[in-house]
Each structure stands twice: as structure tokens, then as C-alpha cells.
Amino acid sequence: MIRFENVGLRYGMGPEILRDLSFHIEPQSFQFLTGPSGAGKTSLIRLLFMSLQPTRGLIKVFNRDLSVIAKNELPRLRRKIGVVFQDFRLLDHLSTYENVALPLRVAGKEESEYRSDVIELLRWVGLGERMHVLPPVLSGGEKQRAAIARALITRPEMLLADEPTGNVDPPLARRLLRLFIELNKLGTSVVIATHDIALLEQVDARRMVLADGRLSIFD
Ligand SMILES: Nc1ncnc2c1ncn2[C@@H]1O[C@H](COP(=O)(O)OP(=O)(O)OP(=O)(O)O)[C@@H](O)[C@H]1O
């Protein structure tokens, strides 16, 4: 599904922050991406989402070589990926419900087809009472859950989540993890970048550990 071969990344003239990354992400797999602060987790998530180009090496996403792909093809590939950014990226002028429904609207679906699914997912992440408010009045944890719901609503082929439990308490973090596991059982490959040791200990999943620019994998 995803293949990296000897991938390197540097920002501008700075040092290479990711070096010789070679790995695969298989369909329907579940993995944590971890490592100390500044190790490059967010940068790797951005490479996987095709929002950053590597400075060297080969990246294939859904069997397409990114170095030769036309820019106007990227949105179609990205629609197969659900992503939760650390800064949430909700649209402030749309309600929580509308933010979560947006990927379905963009895909051309009618509201009558998705309304009950959006409401059910919002209730699952504990936002049933907050679905009509605008993001600026949500707390950090509520915004995070809205961003997660928006990433999951299309049942993407791959889910990338950058510190998805960074703003919630431990019981809610466990509930969100269960949601990711359920999604994985339905066929989505899941990559969760996290520092959260308690979260890592709850699932016996593959671990991708970044340190000093290098990646070690523990299957
Ligand atoms: N846009 C950028 N321009 C220049 N340097 C950057 C940029 N983004 C990240 N970096 C640098 O790249 C390195 C890796 O950053 P990154 O955010 O990917 O790490 P991280 O593991 O996600 O960190 P954290 O756990 O603190 O979020 C850091 O040294 C950071 O300063």
C-alpha cells in the first residue's frame, strides 16, 4: 500500500532529519509511530500524506511513484486517506457537524445518505451535544475529537493520526483507541504517531520508532 525506499528529508539547507527510511505499510495493518520530540514524526506523517516531498529516495503510495505523479492527481489519492493533524485544521465558519460531514459532501454525497452516520459518530466521540456549535467555542479535546471524526467518516483506506489523544483524558484516549481498532478491523490501515506510553501499551501493534533520523521497526 505504501513503500519507502532510502527516503531522506531535509528542510531547506538544514541537516537531514530523516535518513534512509525503508519500510512498507501493508493494507489493513495497524502501527504506532513513536520517538522523542523533534524526531520527525510529523514530518513522516506529512510525507505519507503527500503534503511534503522527500529530498531523496522513492515513495510509492497506493502503488503510484510520487516523483512522477501529476500534481492534479494528488487530491484523488489523498481522498483515500483520513488524516488528523496536530493542529486539527477545522473550518471555523462551519459547525462541528458540518466539519465532520464535509469530506462526504465533497465526495458528492447527499445529506440524507450520511446524516445519521455523522450524528452516530459524533455521539461516539462524545460530541453529540456539541454538533451545532462552531469550532472556536470547542475545547482543545473537543476539537481533537471533531478532527478524528472528520478523518474517520469516509472509512478511508488509510488513517494517519498525529498525537490523536494529546488533548484528552485517559478514559477518552482508550475510547478513541477502540475506535481506531474498530476502523482497522473494517479494513483501514492505521498509523498513529504518539508519545503516549499508556496508549502504546494497550495494543500489541507494530512499532515504528524514529530516533536520530533513523527508523527502527518492531513487528
Ligand atoms: N517547516 C519546517 N522547517 C524547518 N524545520 C522543520 C520544519 N518542520 C519541522 N522541522 C524540524 O524538523 C525536525 C522534526 O520535526 P517534527 O515536527 O517532524 O518532529 P516530531 O517528532 O513530530 O516532534 P513532536 O513530537 O515535538 O511533534 C525538528 O528538528 C524540527 O525543528
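In full-length UniProt numbering, the protein residues as written are 1 to 219.
Don't be surprised by glycine CBs; every beta carbon is placed ideally from N, CA and C.
Bear in mind that the values here come from a model prediction, so they are computed numbers and not experimental data.
Give a single yes or no on whether residue i has its beta carbon closer than 7 Å to a heavy atom of ligand 1.
i           : result
residue 17  : yes
residue 39  : yes
residue 42  : yes
residue 35  : yes
residue 8   : no
residue 93  : no
residue 166 : no
residue 14  : yes
residue 11  : yes
residue 195 : yes
What residue range is occupied by the uninterrupted alpha helix (DSSP H) comprising residue i?
i           : result
residue 106 : 96-106
residue 140 : 140-152
residue 162 : Unbroken run through residue 162 is the beta strand (DSSP E), 158-162; no alpha helix (DSSP H).
residue 120 : 111-124
residue 78  : 74-78
residue 176 : 170-185
Starting from the C-beta of residue i, find all residues in its chain whose C-beta is less than 7 Å away, skip the five residues before and the five after it, and write them out in chain order.
i           : result
residue 156 : 80, 81, 82, 188
residue 50  : 61, 66, 74, 77, 78
residue 46  : 52
residue 114 : 101, 104
Identify, in the order they occur along the chain, each residue of the same chain with its Cβ nearer than 6 Å to the Cβ of residue i, setting aside the five sequence neighbours on each side.
i           : result
residue 60  : 3
residue 20  : 6
residue 166 : none
residue 150 : 99, 100
residue 48  : 160
residue 58  : 5
residue 144 : 167
residue 136 : 92
Assuming residue i is part of the beta strand (DSSP E), what are its boundary residues?
i           : result
residue 2   : 2-10
residue 84  : 81-84
residue 193 : 189-193
residue 34  : 30-34
residue 18  : 16-25
residue 207 : 206-211
residue 56  : 56-61
Spatial neighbours of residue i within its chain, please: C-beta separation below 8 Å, excluding the five flanking residues on both sides.
i           : result
residue 93  : 134
residue 141 : 167, 168, 169, 172
residue 123 : none
By alpha-carbon positions, which one of the options ends up nearest to residue i?
i           : options            : result
residue 56  : 24, 17, 72         : 17
residue 37  : 138, 191, 211, 218 : 211
residue 163 : 177, 184, 186, 193 : 193
residue 95  : 109, 132, 11, 41   : 132
residue 54  : 97, 22, 27         : 22
residue 11  : 43, 183, 216, 138  : 43
residue 40  : 219, 213, 218      : 213
Return the Cβ separation of residue i and residue j in integer angstroms, given the expectation that the two are a contact with Cβ distance under 8 Å.
i           : j           : result
residue 118 : residue 153 : 6 Å
residue 25  : residue 191 : 7 Å
residue 148 : residue 84  : 5 Å
residue 205 : residue 31  : 6 Å
residue 202 : residue 176 : Their Cβ separation, rounded to whole angstroms, is 11 Å, which puts residue 202 and residue 176 out of contact at 8 Å.
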